[in-house]
Amino acid sequence: MSLVRLCNYILSCFLTAATWGMVVLIPGSLNAAPMESLILALSKTPLSLPFYVAQSQGYFEGEGVQIKINDVIGGVRTMQQLLGGAVDLATSSDTVVMFNSFGRKDFAVLSSFVTSDEDVRMIAGPNMVSLQPAHIVGKRIGTIIASASHYYLDNWLLFHGVDPKNVTVVGLAPEAMELALIKGNVDAVSVWEPFGYKILRDVPRVRVYPNPGTHTLSFNLMVHAKHVGVKDAELVKILRALDRAQRFIKAEPLKAQAILRERLQIDQPYIDWIWPRYHYALALDQSLLVTLESQARWARQEGYVAAARSPNYLDFIYPGPLSAVRRDAVGIVK
């Protein structure tokens, strides 16, 4: 073999070895376990902003977990998906948690992530000539049964000295309330955002009843019981991503508002109205237990559930993952 051919042969071997070495070194993640994927039923509401931010900013993937989001109207429906086994996680109000705690034990609250005392509103329809509470007696009021809308309605009536039995409660889906008011099928509605704002914007001659401030709504992240103690590592990653999203909302409010505007296709005047009324923060504190216990007493006393006693709501709280992310956010000791 000539010297030239020998040199070319050696060079060829070197390049081949180098190439294979690169193949081995660069894709070192080929043998890594695939990223865990979980399905979340997410309420389509401004309350869900931390999830929208975490998704748009890549925080879930950054923490090593994939989240598939099912956009759902209302916490009643998200809870149905969770308990029906269609999803792994869901978001809903404290009232939905309370109603489902009677007869179900296969879910747990991981964290509250937002609170508001003005997310639900009582809106008078075009045919209501007065906003005086006494004039609502005998009227038809639309509400979402077994939800925060329902609880707010009863609280509003009782605060003003009106027996809930002296009105006709009409169960409606939130997206059906606007048309029900226009057609005169109901005289007023108790509805959450963004449907309240859309009704005020689109339906002539409707007005808002004053808010007595009797209830602060919390929205919560829940997990199916089959994942408790099994997928805690993934739950920690999800909460860590949400914690990053909460910090983003505080540090970059205009960017967070742009994400909300794009996700829900809502206008800036509405965002300007809601922004100071929502408090985004991860928390599991004593106020959640107090609220659930108070709502359970109301549900039993009014006959909305048939039970001699309320559940122990400590059994529905799973604080471990949140403690691993933000120990100072957990004020409930199990």
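Residue numbering for the sequence shown follows the numbering used here, starting at 16 and increasing by one per position.
Glycine included, every Cβ here is placed at the ideal spot set by N, Cα and C.
Have a look at the DSSP bridge pairing and note the partners of residue i.
{"i": "Arg222", "result": "Ala139"}
{"i": "Val80", "result": "Glu51"}
{"i": "Leu57", "result": "Asp86"}
{"i": "Val345", "result": "Leu299"}
{"i": "Ile332", "result": "Val124"}
Using the C-alpha atoms, what's the distance from residue j back to residue i?
{"i": "Ser164", "j": "Met137", "result": "9 Å"}
{"i": "Pro225", "j": "Ala266", "result": "32 Å"}
{"i": "Trp13", "j": "Ala161", "result": "There is no way to answer for residue 13, as the model of the chain reaches only from 16 to 349."}
{"i": "Val144", "j": "Val201", "result": "14 Å"}
{"i": "Tyr328", "j": "Ala273", "result": "37 Å"}
{"i": "Val102", "j": "Val340", "result": "23 Å"}
{"i": "Ile9", "j": "Val238", "result": "What is shown of the chain runs 16 to 349, which leaves residue 9 out entirely."}
{"i": "Pro65", "j": "Phe263", "result": "9 Å"}
{"i": "Arg92", "j": "Val152", "result": "30 Å"}
{"i": "Leu40", "j": "Glu51", "result": "Note that Leu40 scores 36 on pLDDT, short of 50, meaning its location in the model is unreliable; the coordinates nonetheless yield the value given after this. One C-alpha to the other measures close to 24 Å."}
{"i": "Gly89", "j": "Glu190", "result": "10 Å"}
{"i": "Leu125", "j": "Ala298", "result": "9 Å"}
{"i": "Ser63", "j": "Arg259", "result": "14 Å"}
{"i": "Gln301", "j": "Ile347", "result": "6 Å"}
{"i": "Ala311", "j": "Thr130", "result": "19 Å"}
{"i": "Phe29", "j": "Glu76", "result": "Residue confidence for Phe29 is low, a pLDDT of 40 falling below 50, so the modelled location carries little weight; the figure read from the coordinates is stated next. Distance between the alpha carbons of Phe29 and Glu76: 39 Å."}
{"i": "Glu249", "j": "Val223", "result": "43 Å"}
{"i": "Pro326", "j": "Arg220", "result": "43 Å"}
{"i": "Ser345", "j": "Tyr333", "result": "As written in the sequence, residue 345 is Val, which differs from the Ser given in the question. Roughly 10 Å separates the two Cα atoms."}
{"i": "Leu279", "j": "Ala123", "result": "28 Å"}
Based on Cα-Cα distance, which residue from the options lies nearest to residue i?
{"i": "Val185", "options": "Phe128, Leu173 and Gly199", "result": "Gly199"}
{"i": "Asp86", "options": "Thr106, Val80 and Leu98", "result": "Thr106"}
{"i": "Ser116", "options": "Asp132, Ile264 and Glu308", "result": "Glu308"}
{"i": "Gly79", "options": "Asp330, Val348 and Leu254", "result": "Leu254"}
{"i": "Leu172", "options": "Asp134, Gly118 and Thr229", "result": "Thr229"}
{"i": "Pro148", "options": "Ser131, Ala271, Asn142 and Phe174", "result": "Phe174"}
{"i": "Ser205", "options": "Asp300, Arg222, Ile159 and Asp217", "result": "Ile159"}
{"i": "Leu194", "options": "Asn181, Phe210 and Lys180", "result": "Phe210"}
{"i": "Asn235", "options": "Asp109, Gly176 and Leu250", "result": "Asp109"}
{"i": "Leu187", "options": "Val320, Asn181, Leu196 and Pro179", "result": "Leu196"}
{"i": "Ile281", "options": "Gly335, Arg216, Tyr295 and Arg312", "result": "Arg216"}
{"i": "His242", "options": "Phe128, Arg155, Tyr67 and Leu97", "result": "Leu97"}
{"i": "Val68", "options": "Gly99, Ala321 and Arg276", "result": "Arg276"}
{"i": "Pro141", "options": "Trp207, Asn170, Pro61 and Lys154", "result": "Lys154"}
Need the endpoints of the beta strand (DSSP E) that residue i sits in, please.
{"i": "Trp290", "result": "Run containing Trp290: none; DSSP gives neither H nor E here."}
{"i": "Met237", "result": "Leu232 to His239"}
{"i": "Ser205", "result": "Ala203 to Trp207"}
{"i": "Val184", "result": "Thr183 to Gly186"}
For the alpha helix (DSSP H) holding residue i, just list the boundary residues, first then last.
{"i": "Ser71", "result": "Leu64 to Ser71"}
{"i": "Ser302", "result": "Gln301 to Gln316"}
{"i": "Lys198", "result": "Met192 to Lys198"}
{"i": "Ser164", "result": "Ala163 to Phe174"}
{"i": "Tyr212", "result": "Phe210 to Asp217"}
Got a sec: does the ligand ATP put a non-hydrogen atom nearer than 7 Å to the Cβ of residue i?
{"i": "Asp247", "result": "Within the structure as shown, the ligand ATP is missing, as the structure has no ligands at all."}
Segments assigned beta strand (DSSP E), at least 3 residues, entirely inside the region 92-159: 104-108, 122-131, 135-139 and 155-158
Every unbroken alpha helix (DSSP H) inside the region 249-284 [4 residues or more]: 268-279
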